[in-house]
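Structure record follows, encoded as structure tokens.
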Amino acid sequence: MTEYFHSVRLDFEKCKGCTNCIKRCPMEAIRVHEGKATIMQERCIDCGECIRACPNHAKISVTDTLDILNDYKYRIALPAPSFFAQFKEVENVECVLHALLNIGFDDVFEVALAAEVVGFLIHQYIKDNKIKKPVFSSACPAVLRLMQIKYPDLLEQVAPVLTPMEVAARMAKEDAMKKTGLSYEDIGAFFISPCPAKVTEMRNPMNTKHSAVNGVIGVSLIYKDIIKQILAIKSKKNEDYEKLHKATGLGMAWGYVTGESKNVDMGKALAVSGIHNVISLLEEIERGELKDVDFFELQACTGGCVGGPLNIHNLFVGRVRLRELIKKCGIQAPYYTDKQLIDLYKRAHFEATEPIKPKTIMHLDEDMSQAILKLEQVDKIASELPGLDCGACGSPNCRALAEDIVRGVAFETDCVIKLREKVKTLAEEILDLARIVPPSMGDSSKKIEEK
Amino acid sequence: MLNNSFRFTPHITLEFKIEEKDFFIASESASRIKKTLQQLGIKQDIIKRTAIIIYEAAMNVAIHAIHGALKVYVDPEVISVVTEDVGPGIENVELAMKEGYSTAPQEIREMGFGAGMGLPNIKQCSDELVIDTKIGEGTTLKAKIYLNKNHE
Ligand SMILES: Nc1ncnc2c1ncn2[C@@H]1O[C@H](COP(=O)(O)OP(=O)(O)OP(=O)(O)O)[C@@H](O)[C@H]1O
Ligand code: SF4
Ligand code: SF4
Ligand SMILES: [Mg+2]
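So the protein lines, in turn, are chains V and G. So in the numbering used here the end of the first sequence lands on 473, straight run, no missing numbers. So in the numbering used here the end of the second sequence lands on 133, straight run, no missing numbers.
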């Protein structure tokens, strides 16, 4: 696996080089050169902001497709809680779960159910003082990748628990092995994802060695097929269906921001969504503010996972719909007993096994003396740039252009205003040259005037 | 023999003006400098300590003094943070250094400041700390953080 795998990519043909995306990227990871956007691989956190920002749909998220199901004997779908909010046609969760079976899965396991388990585990961790407060949620991979690069000293406060997606895959496979007698390798678990960062997380997991998830399939890829199946199921009203839905309303609420805090249910919690809001909050926290908070639920997408870029519907619509579904069919009694949960906690079954490591990528040079000299150059160049932050040069702001120049990947004349100045000076020089007349053709009128 | 007595040390200085009751400049300068230090490849725990010192020292100028300036100097060996202000000065520095001691007025406390933790925090985060103060004139605070030394 390459070090930098990313789900978020550019559709080269569609990109018009309009520069709309470069300013919205929280990592200043996008540049536009020669009319096309490029993503700096080491900086991208797969937050999907550029997908939302691009008016030409040139930023895409590459996910697995249903073809991957063919590689396994028994295939389990792991629908995210927010998935159920994407269908205005449904009045219940059961119908969506059966639609998943109809498009080729052998079984389903709601990620909401795993989310309840994760919530319980984090609750216990905080309760037993096993981790330095405030504790940060480990659920949003885009936020964790942001922390790796920009707030690495907060990483040790991230809850040492696997993501609901990961826990769901492990629980589902364990159940399936018992049920079918098949071996672990024959069973495939596939996350139905609103989120590009989860694709990246499956390939290069941060807090575990290997992901138990075998594929991440974007909601948009199966959306039409699911709708068809839902309509078919609804038309055959009287048939009896096996009951598949197990998650409580609480677990389902994980699909929007504040849902996780409700599951963790420990002390003072603060839930913040939207990557730019998360950044402002982390700045405050890093400076030592908000010391009285016990748990931070941070999500890169505004509104939480219902706002995921691969979802179909507007996040507010999704949120309302998910709430209605919870009211209608959220189960009251949890599937797992307290005893079972405590047992999971004691066995550390879903505990993170790898520390989330900081990533140093922002530095200008390995050698600090060189870095200082380069920074001086950046300051000097930046002070000479117009400071309009227009983005026309292809860098997100004037200072970023100065950095790019020092890194050797851009030129001062990439700045249109600088270029105009240069052209003006050049034009004046040419004009001056044009005025010079060969001595043999001396201007007689001038001589007369001079007299 | 070549004359080695003068060696140029690459360094960088950053300066910010602090106006009276400018409660934003402290966090703004702290995050600006934090970004700079990350670009220099400085270790995270040192960046964190520096940011705390900058924030608390600049906040003290904004809250307790009339106006002043913040200067941060960085070279490969040391970071030094200096605030200079025109203001009332500190009557009893030893007392001011105590956790919980504060003369912040009620309206400042209502804004969430004035816990009396600023100076003790600065002390804890720096390797060296010097405070020069003259009653009725102003205060100078100098904090140093060494880059290649273990900090307890
Ligand atoms: N630059 C300064 N000029 C005048 N007085 C100061 C200055 N810095 C600190 N002091 C005095 O020292 C006291 C203690 O400062 P310290 O920063 O520890 O606490 P605080 O500013 O009152 O509260 P906190 O920093 O927790 O918000 C202040 O209340 C003030 O009386
Ligand atoms: S996914 Fe996020 S971090 Fe990556 S390029 Fe797009 S906006 Fe930037
Ligand atoms: S927003 Fe970015 S990716 Fe989309 S067309 Fe414009 S430059 Fe290309
Ligand atoms: Mg203070």
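All residues carry an ideal CB built from backbone N, CA and C; glycine is no exception. For clarity, every value in this text was computed on a predicted model and none was experimentally measured.
Quick one: residues in its chain with C-beta nearer than 6 angstroms to the C-beta of residue 121 (chain G), no 5 flanking neighbours on either side, listed in chain order?
65, 113
Counting only beta-carbon atoms, is residue 463 (chain V) nearer than 8 angstroms to chain G?
no
Contacts that residue -8 (chain G) makes with chain V (C-beta to C-beta distance below 7 angstroms)
394
Residue 372 (chain V) burial status per 10 Å Cβ neighbour count (16 or more: buried):
buried
Closest residue to residue 276 (chain V) among V:137, V:221, V:353 (Cα-Cα distance):
V:137
Could you name the residues of chain G that residue 382 (chain V) contacts, counting a contact when the two beta carbons are closer than 7 angstroms?
22
Where residue 321 (chain V) sits in the DSSP three-state scheme:
strand
Chain-ordered residues, beta carbon under 5 angstroms from a heavy atom of ligand 5:
Ligand 5 is not among the ligands present in this structure, which contains only ligand 1, ligand 2, ligand 3 and ligand 4.
Residues of its chain near residue 353 (chain V), where Cβ-Cβ distance is below 6 angstroms and the 5 sequence neighbours each way are ignored
270
Work out the CA separation of residue 380 (chain V) and residue 22 (chain G) for me, nearest whole Å.
12 angstroms
With DSSP as the reference, label residue 61 (chain G) as helix, strand or coil.
strand
Please tell me whether residue 72 (chain V) and residue 28 (chain V) are closer than 8 angstroms, where the distance is taken between their beta carbons.
no
Can you tell me whether residue 283 (chain V) is helix, strand or coil according to DSSP?
helix
Report yes if the C-beta of residue 49 (chain V) is less than 7 angstroms from at least one heavy atom of ligand 2; otherwise report no.
yes
By the 8 angstroms beta-carbon criterion, what residues does the region 43 to 54 of chain G contribute toward chain V?
none
heavy atom of ligand 1 below 7 angstroms from residue 96 (chain G) C-beta:
yes
Using beta-carbon positions only, say whether residue 193 (chain V) and residue 131 (chain V) come within less than 8 angstroms of one another.
yes
Examine chain V for any beta-carbon lying closer than 8 angstroms to the beta-carbon of residue 105 (chain G), and answer yes or no.
no
Taking residue 142 (chain V) as part of the beta strand (DSSP E), name the residues at either end of that continuous run.
Segment 133 to 149 is the alpha helix (DSSP H) holding residue 142 (chain V); no beta strand (DSSP E) there.
Cβ distance (whole Å) where residue 185 (chain V) is taken to contact residue 160 (chain V) below 8 angstroms
6 angstroms
Cβ separation of residue 27 (chain G) and residue 124 (chain G), assumed to be a contact under 8 angstroms, to the nearest whole Å:
The pair is not a contact, with the Cβ atoms about 12 angstroms apart (cut-off 8 angstroms).
If you compare alpha carbons, which of V:282, V:195, V:213 is closest to residue 158 (chain V)?
V:282
Residues in the region 177 to 191 of chain V with C-beta within 8 angstroms of chain G's C-beta atoms, listed in sequence order?
none
Consult DSSP for residue 55 (chain V) and reduce its assignment to one of helix, strand or coil.
strand
Hey, would you say residue 31 (chain G) sits closer than 8 angstroms to residue 51 (chain G), going by beta carbons?
no
Do residue 63 (chain G) and residue 14 (chain G) have their C-beta atoms within less than 8 angstroms of each other?
no
Quick check on the DSSP output: what are the complete alpha helix (DSSP H) runs of length 4 or more inside the region 165 to 249 of chain V, in order along the chain?
186 to 202, 218 to 225
Hey, does residue 174 (chain V) have any beta-carbon neighbour from chain G nearer than 8 angstroms?
yes
Counting only runs of 4+ residues fully inside the region 49 to 102 of chain V, write out the alpha helix (DSSP H) ranges in chain order.
71 to 75
What does a CB cutoff of less than 6 angstroms around residue -18 (chain G) pick up in its chain, not counting 5 residues either side in sequence?
With a pLDDT of only 45 at residue -18 (chain G), under 50, the local geometry of the prediction cannot be trusted, and the value read off the model is given with reservation. No residues qualify anywhere along the chain.
Please compile the residues from chain V whose C-beta is within a distance smaller than 8 angstroms of the C-beta of residue 33 (chain G).
309, 310
Helix, strand or coil at residue 109 (chain G) according to DSSP, with G and I counted as helix
strand
If you compare alpha carbons, which of V:303, V:375, V:398, V:356 is closest to residue 139 (chain V)?
V:356
What number of angstroms, rounded off, separates the C-alpha of residue 412 (chain V) from the C-alpha of residue 54 (chain V)?
13 angstroms
When the cut-off is 8 angstroms and only beta carbons count, does residue 388 (chain V) lie next to chain G?
yes
Count Cβ pairs between the region 248 to 264 of chain V and the region 82 to 102 of chain V that sit closer than 8 angstroms; are there 3 or more?
no
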